[in-house]
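Take a look at the structure set out below.
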Amino acid sequence: MLNKIYLRGFTLAEMLVTLTIVGIVAALTIPAIIQDVQTAQYKAAFKKAYADLDQATRRILIDYGGNIGGICSNNLCIRDKYLEYLNYSKKCDNVWNCFVKASNDGGEWEDLDGSPPTVGADASAILNNV
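Numbering (the numbering used here), first residue to last: -1 to 128.
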(Lines of atoms letter the chains of each structure in order from A and count residues from 1; the text may use other names and numbers.)
(Lines give C-alpha, C1' and ligand atoms only; values in the text may rest on other atoms or scores of the structure.)
Protein backbone atom coordinates (compact mmCIF):
# COMPACT_ATOMS: atom_id res chain seq x y z
CA MET A 1 0.00 0.00 0.00
CA LEU A 2 1.33 3.38 -0.98
CA ASN A 3 1.29 6.16 1.52
CA LYS A 4 0.54 9.42 -0.22
CA ILE A 5 1.38 12.63 1.47
CA TYR A 6 -1.01 15.40 0.62
CA LEU A 7 0.40 18.87 0.97
CA ARG A 8 -2.03 21.64 1.59
CA GLY A 9 -1.55 24.74 -0.53
CA PHE A 10 -3.08 27.04 -3.08
CA THR A 11 -3.64 26.17 -6.67
CA LEU A 12 -2.32 28.30 -9.48
CA ALA A 13 -5.82 29.53 -10.30
CA GLU A 14 -6.38 30.69 -6.72
CA MET A 15 -3.08 32.58 -6.74
CA LEU A 16 -3.87 34.27 -10.05
CA VAL A 17 -7.31 35.38 -8.85
CA THR A 18 -5.80 36.78 -5.65
CA LEU A 19 -3.07 38.65 -7.52
CA THR A 20 -5.63 40.05 -9.95
CA ILE A 21 -7.77 41.39 -7.11
CA VAL A 22 -4.74 42.93 -5.39
CA GLY A 23 -3.68 44.53 -8.69
CA ILE A 24 -7.12 46.03 -9.30
CA VAL A 25 -7.31 47.46 -5.78
CA ALA A 26 -3.81 48.93 -6.15
CA ALA A 27 -4.65 50.44 -9.54
CA LEU A 28 -7.70 52.15 -8.04
CA THR A 29 -6.08 53.49 -4.88
CA ILE A 30 -2.52 54.50 -5.87
CA PRO A 31 -3.52 57.41 -8.20
CA ALA A 32 -5.72 58.89 -5.47
CA ILE A 33 -2.88 58.67 -2.96
CA ILE A 34 -0.44 60.31 -5.41
CA GLN A 35 -2.95 63.11 -6.10
CA ASP A 36 -3.34 63.75 -2.37
CA VAL A 37 0.43 63.97 -1.94
CA GLN A 38 0.79 66.37 -4.88
CA THR A 39 -2.02 68.56 -3.55
CA ALA A 40 -0.33 68.70 -0.16
CA GLN A 41 2.97 69.67 -1.83
CA TYR A 42 1.29 72.47 -3.80
CA LYS A 43 -0.40 73.78 -0.67
CA ALA A 44 2.88 73.76 1.24
CA ALA A 45 4.69 75.58 -1.60
CA PHE A 46 1.92 78.19 -1.77
CA LYS A 47 2.04 78.75 1.99
CA LYS A 48 5.82 79.19 1.87
CA ALA A 49 5.64 81.66 -1.04
CA TYR A 50 2.88 83.59 0.73
CA ALA A 51 4.88 83.68 3.97
CA ASP A 52 7.99 84.91 2.13
CA LEU A 53 6.04 87.71 0.42
CA ASP A 54 4.28 88.60 3.67
CA GLN A 55 7.60 88.82 5.49
CA ALA A 56 9.10 90.98 2.71
CA THR A 57 6.06 93.28 2.84
CA ARG A 58 6.33 93.64 6.61
CA ARG A 59 10.04 94.47 6.35
CA ILE A 60 9.33 97.09 3.67
CA LEU A 61 6.65 98.62 5.89
CA ILE A 62 9.04 98.74 8.84
CA ASP A 63 11.84 100.29 6.78
CA TYR A 64 9.60 102.94 5.19
CA GLY A 65 7.55 104.06 8.17
CA GLY A 66 4.52 101.80 7.91
CA ASN A 67 3.17 103.13 4.62
CA ILE A 68 3.94 101.46 1.32
CA GLY A 69 1.84 103.86 -0.76
CA GLY A 70 4.29 106.67 -1.43
CA ILE A 71 7.48 104.67 -1.76
CA CYS A 72 7.45 104.09 -5.51
CA SER A 73 5.96 105.64 -8.59
CA ASN A 74 6.05 102.57 -10.84
CA ASN A 75 6.08 98.79 -10.79
CA LEU A 76 9.83 98.50 -11.46
CA CYS A 77 10.58 100.40 -8.27
CA ILE A 78 8.28 98.28 -6.08
CA ARG A 79 9.70 95.12 -7.64
CA ASP A 80 13.21 96.25 -6.73
CA LYS A 81 12.10 97.03 -3.16
CA TYR A 82 10.74 93.50 -2.79
CA LEU A 83 13.86 91.97 -4.33
CA GLU A 84 15.94 93.57 -1.58
CA TYR A 85 14.25 91.11 0.81
CA LEU A 86 13.74 88.07 -1.45
CA ASN A 87 16.12 85.58 -3.02
CA TYR A 88 15.83 85.66 -6.78
CA SER A 89 17.62 84.09 -9.69
CA LYS A 90 16.72 86.55 -12.43
CA LYS A 91 15.33 90.07 -12.63
CA CYS A 92 13.20 90.73 -15.72
CA ASP A 93 12.66 94.19 -17.12
CA ASN A 94 10.38 92.70 -19.76
CA VAL A 95 9.05 89.27 -20.61
CA TRP A 96 11.41 88.64 -23.52
CA ASN A 97 14.49 89.04 -21.34
CA CYS A 98 13.38 86.27 -19.00
CA PHE A 99 11.59 83.63 -21.01
CA VAL A 100 12.84 81.67 -23.98
CA LYS A 101 10.93 82.06 -27.23
CA ALA A 102 10.11 78.55 -28.37
CA SER A 103 7.36 76.20 -29.42
CA ASN A 104 7.00 72.61 -30.54
CA ASP A 105 7.16 73.44 -34.24
CA GLY A 106 10.04 75.91 -34.02
CA GLY A 107 7.85 79.01 -34.27
CA GLU A 108 7.27 81.55 -31.53
CA TRP A 109 4.51 81.27 -28.96
CA GLU A 110 1.65 83.73 -29.23
CA ASP A 111 -1.77 84.29 -27.71
CA LEU A 112 -4.92 83.47 -29.68
CA ASP A 113 -5.15 87.06 -30.93
CA GLY A 114 -1.59 86.88 -32.32
CA SER A 115 -0.03 89.07 -29.64
CA PRO A 116 3.10 88.06 -27.69
CA PRO A 117 2.36 85.76 -24.77
CA THR A 118 1.61 87.22 -21.37
CA VAL A 119 3.60 84.61 -19.47
CA GLY A 120 4.79 87.27 -17.08
CA ALA A 121 4.26 90.97 -16.94
CA ASP A 122 6.86 93.69 -17.20
CA ALA A 123 8.77 94.17 -13.97
CA SER A 124 8.60 90.54 -12.92
CA ALA A 125 11.28 88.38 -11.36
CA ILE A 126 12.02 84.69 -11.11
CA LEU A 127 12.14 84.02 -7.38
CA ASN A 128 14.45 81.47 -5.86
CA ASN A 129 13.14 81.26 -2.28
CA VAL A 130 12.67 77.52 -2.13
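Idealized CB from N, CA, C, for every residue including glycine. Predicted model, so just to flag it, every value in this text is computed and none were measured.
Here the alpha carbon of Phe8 sits roughly 12 Å from the alpha carbon of Leu17.
Judged by their CB atoms, Ile58 and Lys79 are nearer to each other than the 9 Å cut-off. The Cβ-Cβ distance between Leu26 and Ala54 does not fall below 9 Å.
Within the same chain, and ignoring the five residues on either side of Cys70 in sequence, the residues whose Cβ sits closer than 6 Å to its Cβ are Ile76.
Per DSSP, reduced to three states, the secondary structure at Arg57 is helical.
Tyr83 carries a coil assignment under DSSP once its states are collapsed to helix, strand and coil.
Just measuring C-alpha positions, the residue of Tyr4, Lys46 and Ile19 sitting nearest Ala11 is Ile19. Linking Lys41 to Arg6 through their CA atoms gives a straight-line distance of about 52 Å.
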